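Here is the structure we will look at.
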Amino acid sequence: DVQMTQSPSSLSASIGDRVTISCRASQSISKYLNWYQQKPGKAPKLLIYATSSLQSGVPSRFSGSGSGTDFALTITSLQPEDFATYYCQQSYIAPRTFGQGTKVEIK
Amino acid sequence: QVQLVQSGAEVKKPGASVKVSCEASGYTFTGYYVHWVRQAPGQGLEWMGWIDPSSGGTDYAQNFQGRVTMTRDTSLSTAYMELSRLRSDDTAVYYCARDGPSYTALTYWGQGSLVTVSS
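Respectively, the protein sequence lines represent chains A and B.
Using my numbering, the first residue of the first sequence is number 3, and each one after it goes up by one.
Using my numbering, the first residue of the second sequence is number 25, and each one after it goes up by one.
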């Protein structure tokens, strides 16, 4: 199985900050890396697919980058509604493994 | 619009089985795999497997091999996930989900079904 490792596991940031979350795959997954946002009690929401494609309706302050094994999700100018947990997931090969999550909290 | 509506919460005893349903609407049910993902309390997301509603073919994560069965009823546009020999650590919210129209990312999600395993 492809192991997905996110860092950091949690972070504290202020409104307006630029935040970057990293995700590393245990083998090359080409561009098949997706990012989800989850708020308490809710289903995950797709933010970014195929490394850098913004899902419809997602604000442009979210962006994704990377290739092969190293990927990143960047939020420019963090907003109050962005405090949540973020997960990466590879869709290159089954099982479609997730990272362990990164919780973004208010500083 | 695409919707996935799941069955309600369940409480089961250890050793029992649970069957969760996921009714799809707003698209051609047989056109997209249905994935199942679970989340234990306070924990991360765990992909369980998928079913191809067109053929009935399945692919299960190793962790669930031998205990999970995914089926579908195309006449009802409904997918099912049955987990047997339940343990307390199977207590979780179980989600069904579907990929996007042209990309492999879980774009549409059900609301989740809480399964509690307790004696």
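Note that beta-carbon positions come from the ideal geometry of N, C-alpha and C, so glycine has one too.
None of the values given here were measured: they were computed from a predicted structure.
Element boundaries [beta strand (DSSP E), containing residue 91 of chain A]: 87-92 is the extent of the beta strand (DSSP E) around residue 91 of chain A.
field: Pair within 8 Å by beta-carbon distance, residue 109 of chain A and residue 16 of chain A
entry: The beta carbons of residue 109 of chain A and residue 16 of chain A sit closer together than 8 Å.
- prompt: Does DSSP put residue 69 of chain A in a helix, in a strand, or in coil?
  reply: It is a strand residue.
- prompt: Are the stretch 46-58 of chain B and the stretch 47-66 of chain A touching by the rule of at least three beta carbon pairs closer than 8 Å?
  reply: At 8 Å Cβ cutoff, the stretches do not touch.
task: Take the Cβ of residue 68 of chain A as the centre, count every other Cβ of all protein chains shown within 10 Å, and call the residue buried at 16 or more, exposed below.
output: Burial check for residue 68 of chain A: the Cβ neighbour count within 10 Å reaches 16 or more, so the residue is buried.
- prompt: In the structure shown, what three-state DSSP assignment does residue 86 of chain B receive?
  reply: The answer is helix: DSSP assigns residue 86 of chain B an H, G or I state.
Boundaries of the beta strand (DSSP E) in which residue 123 of chain B is found, first to last residue: Start and end: 116-123.
field: Closer than 8 Å to chain A by CB, residue 83 of chain B
entry: Yes, contact with chain A.
message: Please classify residue 39 of chain B as buried or exposed, where buried requires at least 16 other C-beta atoms within 10 Å of its C-beta.
response: Looking at its Cβ environment, which holds fewer than 16 other Cβ atoms inside 10 Å, residue 39 of chain B is exposed.
message: Our contact map puts residue 5 of chain A next to residue 28 of chain A with C-beta atoms below 8 Å; I'd like the distance itself, whole angstroms only.
response: With 8 Å as the limit, residue 5 of chain A and residue 28 of chain A qualify as a contact, their Cβ atoms being about 4 Å apart.
- prompt: Considering only C-alpha positions, which residue in the set A/55, A/43, A/19 is nearest to residue 129 of chain B?
  reply: That would be A/55, whose Cα lies nearest to the Cα of residue 129 of chain B.
query: Excluding sequence positions up to five away, which residues of its chain have a Cβ less than 6 Å from the Cβ of residue 138 of chain B?
result: Within its own chain, the residues whose Cβ lies closer than 6 Å to the Cβ of residue 138 of chain B, once the five positions on either side in sequence are excluded, are 33, 117, listed in chain order.
- request: Name the residue from B/73, B/104, B/42 whose alpha carbon lies nearest to the alpha carbon of residue 115 of chain B.
  value: Minimum Cα-Cα distance from residue 115 of chain B among the listed residues B/73, B/104, B/42 corresponds to B/42.
task: At 8 Å on the CB atoms, spell out the chain D contacts of residue 60 of chain B, in chain order.
output: Among the protein chains in the structure shown, which are A and B, there is no chain D.
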